[in-house]
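Single-structure report; data block below.
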């Protein structure tokens, strides 16, 4: 299994409506990706007062080839460029296997 974790911090404060639009874009994107085993995303739960990212994504794939399909997917790259990039100030990404 390959786990792909992405953490975003917004450039500026986001309204709940704007954050919901990000979620809808991500849900729509992954709906057409049968090689994604699981996909979860959402805002920080607020359990720590400071230092956390604003939004996170955790995606799981059966293998590295499936992750590569995701990473190079045309729809994924469009969402990344048109929805995510304009609003993100910082991004941290890791892939690990289990």
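In our numbering, the protein residues as written are -6 to 91. By construction, the Cβ of each residue, glycine as well, lies at the ideal position given by its N, Cα and C atoms. This one's a predicted model, so the numbers in the text were calculated from it and none came from an experiment.
Could you pull the start and end residues of the beta strand (DSSP E) that residue 46 belongs to? Working through the chain shown from its first residue, we reach residue 46 at position 53. Neither: residue 46 is in no beta strand (DSSP E) and is coded neither H nor E.
Whole-angstrom distance between residue 39 and residue 19, CA atom to CA atom: In the chain shown, counting from the first residue as 1, residue 19 sits at position 26. In the chain shown, counting from the first residue as 1, residue 39 sits at position 46. Approximately 21 Å, taken between the alpha carbons.
Exposure label - residue 1; buried when at least 16 CB within 10 Å: Along the chain shown, one-based indexing puts residue 1 at 8. A residue is called buried when at least 16 other Cβ atoms come within 10 angstroms of its Cβ; residue 1 meets this threshold and is buried.
Apart from the five residues on each side of it in sequence, which residues of its chain come closer than 6 Å, Cβ to Cβ, to residue 5? Along the chain shown, read from residue 1 onward, the residue named residue 5 stands at position 12. Closer than 6 Å at the Cβ level, and outside the excluded window around residue 5, lies no residue.
Suppose only complete runs of 3+ residues qualify. What are the beta strand (DSSP E) ranges in the region 26 to 90, listed by chain order? With a minimum length of 3 residues, the continuous beta strand (DSSP E) runs that stay inside the region 26 to 90 are 31 to 36, 48 to 54 and 81 to 90.
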